[in-house]
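One structure below.
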Amino acid sequence: VSIGLALSNILNSLLNGSTLAEALSEKNILDGVKSSSVQEAVKDAYIAKGKPLELTAAERGRSCHLPEAFIIPLQAALAVADENGDTNGDGSSYASAIRENILASGDICSRSIMIGSILGLVGAGCPESFMSKFETTHASRARAAAGAIAELRAAADF
1 VSIGLALSNI LNSLLNGSTL AEALSEKNIL DGVKSSSVQE AVKDAYIAKG
51 KPLELTAAER GRSCHLPEAF IIPLQAALAV ADENGDTNGD GSSYASAIRE
101 NILASGDICS RSIMIGSILG LVGAGCPESF MSKFETTHAS RARAAAGAIA
151 ELRAAADF
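Take 1 as the starting number for the sequence shown in the numbering used here and just add one per residue.
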């Protein structure tokens, strides 16, 4: 539940207009998260930033177990964000992050879902056809769901 809360903090922040760097700040990710294991996982992702995902996967494990299935995609998203909170700007960020995740092997599916959901919201090299379809068919539902999650989070004690 706490890792879900951490991910929802990132996504909700992006849906509300934050830059990638703002959404990926430790303060934002851990807002309301009381789990020490999740706090440690976020710190581990920050420590691993800039290191190949394959090395992190080799060191921590490639399976779908948490927190590894959270640390590795968070590390991938952190690698995309520059100091200004923007994406690389060359249209390759999304594809590069997914490709590196695939090369890390193991549980690429759930890790790619997290990478894609974060980077897709900022259009980090996602195909224009995907982004336009999202905006016309899914954006309002995603924003409504994020709002509902934020309301539930405010009322819950994690």
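Every residue gets a Cβ at the ideal spot worked out from N, C-alpha and C, and that includes glycine. None of the values given here were measured: they were computed from a predicted structure.
(message) So for Leu5, helix, strand or coil by DSSP?
(response) Position 5 of the sequence shown holds residue 5. Residue state, collapsed to three classes: helix.
(request) Give a yes or no on whether the minimum CB-CB distance between Ser140 and chain D is below 9 angstroms. (result) Structure shown: chain D not included; a single protein chain is present.
(message) Check whether the region 14 to 22 and the region 32 to 52 are in contact - that is, three or more C-beta pairs closer than 8 angstroms.
(response) no
(message) Do Ala57 and Gly116 count as a contact pair if the criterion is CB distance below 9 angstroms?
(response) As a first step, residue 116 must be located in the sequence shown, where it is residue number 116. As a first step, residue 57 must be located in the sequence shown, where it is residue number 57. No. Outside cutoff.
(request) Measure the CB-CB distance between Ala77 and Leu15 and report whether it falls below 9 angstroms. (result) Translated into positions along the sequence shown, residue 77 becomes position 77. Translated into positions along the sequence shown, residue 15 becomes position 15. Contact: no.
(request) Please report how far the alpha carbon of Lys43 lies from the alpha carbon of Glu26, in whole angstroms. (result) Indexing the sequence shown from 1 puts residue 43 at position 43. Indexing the sequence shown from 1 puts residue 26 at position 26. When rounded, the distance between both Cα atoms is 8 angstroms.
(message) Could you tell me the alpha carbon to alpha carbon distance between Asn101 and Ser112, rounded to whole angstroms?
(response) Within the sequence shown, the letter at position 101 stands for residue 101. Within the sequence shown, the letter at position 112 stands for residue 112. The straight-line gap from Cα to Cα measures roughly 7 angstroms.
(message) Helix, strand or coil, according to DSSP, for Asp107 in the structure here?
(response) On the sequence shown, position 107 is the one that residue 107 refers to. Here Asp107 sits in coil by DSSP.
(request) Quick one: give me the first and last residue of the alpha helix (DSSP H) that Leu30 is part of. (result) Taking the first residue of the sequence shown as position 1, residue 30 is located at position 30. Run containing Leu30: none; DSSP gives neither H nor E here.
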